[in-house]
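Engineer: My questions will all concern the structure given below.
Number of protein chains: 2
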Amino acid sequence: MLQQNTRLFSFVAGKSGRWQITQSTAVVGEPLPPAARLEIIEGPPPAAGSVWTLSGVTSNERYVNREEKIQLVGKQASLGRPQATHGAVIPIRKNARWWGLTQQERREIFEERSHHTAIGLKYLPAIARRLHHCRDLAIPQSFDFITLFDFAKADSNAFDDLLAALRTTEEWKYIDREVDIRMIKE
Amino acid sequence: MLQQNTRLFSFVAGKSGRWQITQSTAVVGEPLPPAARLEIIEGPPPAAGSVWTLSGVTSNERYVNREEKIQLVGKQASLGRPQATHGAVIPIRKNARWWGLTQQERREIFEERSHHTAIGLKYLPAIARRLHHCRDLAIPQSFDFITLFDFAKADSNAFDDLLAALRTTEEWKYIDREVDIRMIKE
Numbered sequence: 046m047l048q049q050n051t052r053l054f055s056f057v058a059g060k061s062g063r064w065q066i067t068q069s070t071a072v073v074g075e076p077l078p079p080a081a082r083l084e085i086i087e088g089p090p091p092a093a094g095s096v097w098t099l100s101g102v103t104s105n106e107r108y109v110n111r112e113e114k115i116q117l118v119g120k121q122a123s124l125g126r127p128q129a130t131h132g133a134v135i136p137i138r139k140n141a142r143w144w145g146l147t148q149q150e151r152r153e154i155f156e157e158r159s160h161h162t163a164i165g166l167k168y169l170p171a172i173a174r175r176l177h178h179c180r181d182l183a184i185p186q187s188f189d190f191i192t193l194f195d196f197a198k199a200d201s202n203a204f205d206d207l208l209a210a211l212r213t214t215e216e217w218k219y220i221d222r223e224v225d226i227r228m229i230k231e
Numbered sequence: 046m047l048q049q050n051t052r053l054f055s056f057v058a059g060k061s062g063r064w065q066i067t068q069s070t071a072v073v074g075e076p077l078p079p080a081a082r083l084e085i086i087e088g089p090p091p092a093a094g095s096v097w098t099l100s101g102v103t104s105n106e107r108y109v110n111r112e113e114k115i116q117l118v119g120k121q122a123s124l125g126r127p128q129a130t131h132g133a134v135i136p137i138r139k140n141a142r143w144w145g146l147t148q149q150e151r152r153e154i155f156e157e158r159s160h161h162t163a164i165g166l167k168y169l170p171a172i173a174r175r176l177h178h179c180r181d182l183a184i185p186q187s188f189d190f191i192t193l194f195d196f197a198k199a200d201s202n203a204f205d206d207l208l209a210a211l212r213t214t215e216e217w218k219y220i221d222r223e224v225d226i227r228m229i230k231e
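Keeping their order, the protein sequence lines are chains V and P. Taking our numbering as reference, the numbering of the first sequence is continuous, increasing by one, and the terminal residue is 231. Taking our numbering as reference, the numbering of the second sequence is continuous, increasing by one, and the terminal residue is 231.
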């Protein structure tokens, strides 16, 4: 068996999996094929038997400054809390114009003008999240990022508010594909 | 056949290849096994028949600002010029302390204090280069980055000066493995 990057995670949609998919909405661009359930695994996806798979690696932060990182680390919760029976997987792709910007220009749009981290911080620790990077994998992916979220049922409206706030930002103008997959754990 | 990321390149050392390896020096950490020749291919490495292989993807720039990017694009040459018969492949790995820094802290070390891009600019267009990222591939790599360089024989001393300048910087204190592979094309 090939060794694998311990930061690699795969999202496997099909007939089985711990999460029941309740809704899958194409926010921008093409949808993903409908599937009943989702499993999130460490490592590469299985070779067959899924409706769709997505993979990504967790990595070093690209945009937060030290003050923001301290705030995030101080406030954020881990995925998998017993009460976090509601979840979402949101894969996004950014356009070529975004990737042609310099780091500093992307940071200015991401935080100084779109307040991405500042908005996210308001929903901690209720909403737990993990970001996965897909763009620089050897096998080309349909998305640049996958974010996994989980939260208690009571925080579902807060989660919708978080997404609504992010989707009105200047950063979101660079997103050319986004699918919003909601799910519950029984 | 699996689709592949068009930005993926592999460095395949063994008995064959367009480049003859003339020297391979472990600058920091473990060496790479000795090999006679090197081939650089688009896509993943072959499953067998090599002494060692390294893979990486080209990606968006992480550190340069707009002014530096304009200067780089204006001055840099492409790999593969007929006179560029001399080459180097320099894989490096940075330590956990580097990856725990924020982007801004890394930028400050990389450019404001180590002048990485400013040093590199002095050697353009004589030295052509391409940077490949390895850290976020699904199959774990022994290095975080691979840089490929080529240049005319007459610029070999300039290339040594460039490396000597970079290796005295604060940025280089975060490098915990570096192999310097020199080669010529007949």
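For each residue, glycine too, the CB sits at the ideal point set by N, CA and C.
Determine the DSSP secondary structure at Q68 of chain V, reduced to helix, strand or coil.
Structural biologist: Counted from its first residue, the first sequence places residue 68 of chain V at position 23. Assignment of Q68 of chain V by DSSP, reduced to helix, strand and coil, places it in the strand class.
Engineer: Could you give the residue range of the alpha helix (DSSP H) that holds K114 of chain P?
Structural biologist: Stepping through the second sequence from its first residue, residue 114 of chain P is reached at position 69. K114 of chain P -> alpha helix (DSSP H) spans 111–120.
Engineer: Does DSSP put S187 of chain V in a helix, a strand or coil?
Structural biologist: In the first sequence, counting from the first residue as 1, residue 187 of chain V sits at position 142. Of the three classes helix, strand and coil, the one that applies to S187 of chain V here is coil, per DSSP.
Engineer: Going by beta-carbon coordinates alone, are I220 of chain P and I164 of chain P separated by less than 7 Å?
Structural biologist: Along the second sequence, one-based indexing puts residue 220 of chain P at 175. Along the second sequence, one-based indexing puts residue 164 of chain P at 119. In this structure, the beta-carbon distance from I220 of chain P to I164 of chain P does not fall below 7 Å.
Engineer: Quick check on DSSP: helix, strand or coil for T98 of chain V?
Structural biologist: Here residue 98 of chain V refers to the residue found at position 53 of the first sequence. Correct three-state label for T98 of chain V: strand.
Engineer: Closer than 7 Å by C-beta to F56 of chain P: which residues in its own chain qualify, once you throw out the five before and the five after it? Chain order, please.
Structural biologist: For the purposes of this step, residue 56 of chain P is taken as residue 11 along the second sequence, with counting starting at 1. Only L83, I85, T98, L99, V134, I191 meet the Cβ criterion.
Engineer: Mind pulling the chain P residues with CB within less than 9 Å of N261 of chain V?
Structural biologist: Beyond the ends of chain V as shown, which are 46 and 231, falls residue 261 of chain V; an answer cannot be given.
Engineer: Closest to R126 of chain P by C-alpha separation, out of P:K198, P:G59, P:I184, P:R111, would be which residue?
Structural biologist: Taking the first residue of the second sequence as position 1, residue 126 of chain P is located at position 81. Nearest C-alpha to R126 of chain P: P:K198.
Engineer: Taking 7 Å as the CB-CB cut-off, is G59 of chain P touching chain V?
Structural biologist: As a first step, residue 59 of chain P is located in the second sequence; it is residue number 14 there, counting from the start. Cβ-Cβ to chain V under 7 Å: no for G59 of chain P.
Engineer: In angstroms with no decimal places, state the Cα-to-Cα distance between A173 of chain V and L208 of chain P.
Structural biologist: Sequence index remark: in the first sequence, residue 173 of chain V carries index 128 (1-based). Sequence index remark: in the second sequence, residue 208 of chain P carries index 163 (1-based). Approximately 44 Å between the Cα atoms of the pair.
Engineer: Taking DSSP as the reference, what is the three-state secondary structure of M46 of chain V?
Structural biologist: As a first step, residue 46 of chain V must be located in the first sequence, where it is residue number 1. Its pLDDT being 44, under 50, M46 of chain V is placed unreliably in this model, and the value from its coordinates should be taken loosely. Note: M46 of chain V maps to coil in three-state DSSP.
Engineer: Does any CB atom of chain P fall closer than 7 Å to the CB of K139 of chain V?
Structural biologist: Walking along the first sequence from the start, residue 139 of chain V turns up at place 94. Under the Cβ distance rule, K139 of chain V does not count among the residues neighbouring chain P, no pair being separated by less than 7 Å.
Engineer: Could you tell me whether any Cβ in chain V is nearer than 7 Å to the Cβ of V102 of chain P?
Structural biologist: Counting from one through the second sequence, the residue named residue 102 of chain P turns up at place 57. Judged by the 7 Å Cβ criterion, V102 of chain P is in contact with chain V.
Engineer: Where does E231 of chain V land, buried or exposed, given buried means 16+ other C-beta within 10 angstroms?
Structural biologist: Numbered from 1 along the first sequence, position 186 holds the residue referred to as residue 231 of chain V. Under this definition E231 of chain V is an exposed residue.
Engineer: Measuring CA to CA, which of V:V224, V:G59, V:H131 is closest to F196 of chain V?
Structural biologist: As a first step, residue 196 of chain V is located in the first sequence; it is residue number 151 there, counting from the start. Nearest C-alpha to F196 of chain V: V:H131.
Engineer: Would you kindly check if the distance between the Cβ of I226 of chain P and the Cβ of W69 of chain P is under 7 Å?
Structural biologist: For the purposes of this step, residue 69 of chain P is identified with residue 24 of the second sequence, where counting begins at 1. For the purposes of this step, residue 226 of chain P is identified with residue 181 of the second sequence, where counting begins at 1. Here residue 69 of chain P turns out to be Ser, not Trp, going by the sequence shown. Yes, the pair counts as a contact, with Cβ atoms nearer than the cut-off.
Engineer: Only counting the same chain, and skipping five residues up and downstream in sequence, which positions put a Cβ closer than 7 Å to that of W217 of chain P?
Structural biologist: In the second sequence, counting from the first residue as 1, residue 217 of chain P sits at position 172. Excluding positions up to five away in sequence, the list reads L211.
Engineer: Given a threshold of 16 other Cβ atoms within 10 Å of its Cβ, counted over all protein chains shown, does N50 of chain V qualify as buried or as exposed?
Structural biologist: Translated into positions along the first sequence, residue 50 of chain V becomes position 5. Its Cβ being crowded by 16 or more others within 10 Å, N50 of chain V is buried.
Engineer: R241 of chain P: buried (16+ other C-beta within 10 angstroms of its C-beta) or exposed?
Structural biologist: In the structure as shown, chain P begins at 46 and stops at 231. Residue 241 of chain P is therefore absent and cannot be evaluated.
Engineer: Taking buried to mean at least 16 other C-beta atoms within 10 Å of its own C-beta, is Q186 of chain V buried or exposed?
Structural biologist: In the first sequence, counting from the first residue as 1, residue 186 of chain V sits at position 141. Answer is buried; the Cβ neighbour count reaches 16.
Engineer: Counting only runs that start and end within the segment 146–199 of chain V, where is the beta strand (DSSP E) found for 3 or more residues in a row?
Structural biologist: 173–178, 190–196
Engineer: Taking just the CA atoms, how far does W143 of chain V sit from E112 of chain P?
Structural biologist: Residue mapping note: residue 112 of chain P aligns to position 67 of the second sequence, counting from 1. Residue mapping note: residue 143 of chain V aligns to position 98 of the first sequence, counting from 1. About 17 Å.
Engineer: Specify, as a first and last residue, the run of the alpha helix (DSSP H) that S201 of chain P falls within.
Structural biologist: Reading the second sequence from its first residue, position 156 is the one you call residue 201 of chain P. In the DSSP assignment, S201 of chain P falls within the unbroken alpha helix (DSSP H) covering 201–212.
Engineer: What does the Cβ neighbour count give for T67 of chain V, buried or exposed, with the cut at 16 atoms within 10 Å?
Structural biologist: Taking the first residue of the first sequence as 1, we reach residue 67 of chain V at position 22. Looking at its Cβ environment, which holds fewer than 16 other Cβ atoms inside 10 Å, T67 of chain V is exposed.
Engineer: In terms of residue numbering, what span does the beta strand (DSSP E) encompassing G59 of chain V cover?
Structural biologist: As a first step, residue 59 of chain V must be located in the first sequence, where it is residue number 14. Counting along the chain, the beta strand (DSSP E) containing G59 of chain V begins and ends at 53–59.
Engineer: Tell me which same chain residues have a C-beta within less than 7 Å of the C-beta of S123 of chain P, skipping the five on either side of it?
Structural biologist: Translated into positions along the second sequence, residue 123 of chain P becomes position 78. The residues are A173.
Engineer: Say whether chain P places a C-beta atom closer than 7 Å to the C-beta of Q149 of chain V.
Structural biologist: Numbered from 1 along the first sequence, position 104 holds the residue referred to as residue 149 of chain V. For Q149 of chain V, the nearest beta carbon of chain P is closer than 7 Å to its own beta carbon.
Engineer: With 7 Å as the threshold, decide whether the Cβ of K114 of chain P is near any Cβ in chain B.
Structural biologist: Structure shown: chain B not included; protein chains present are V and P.
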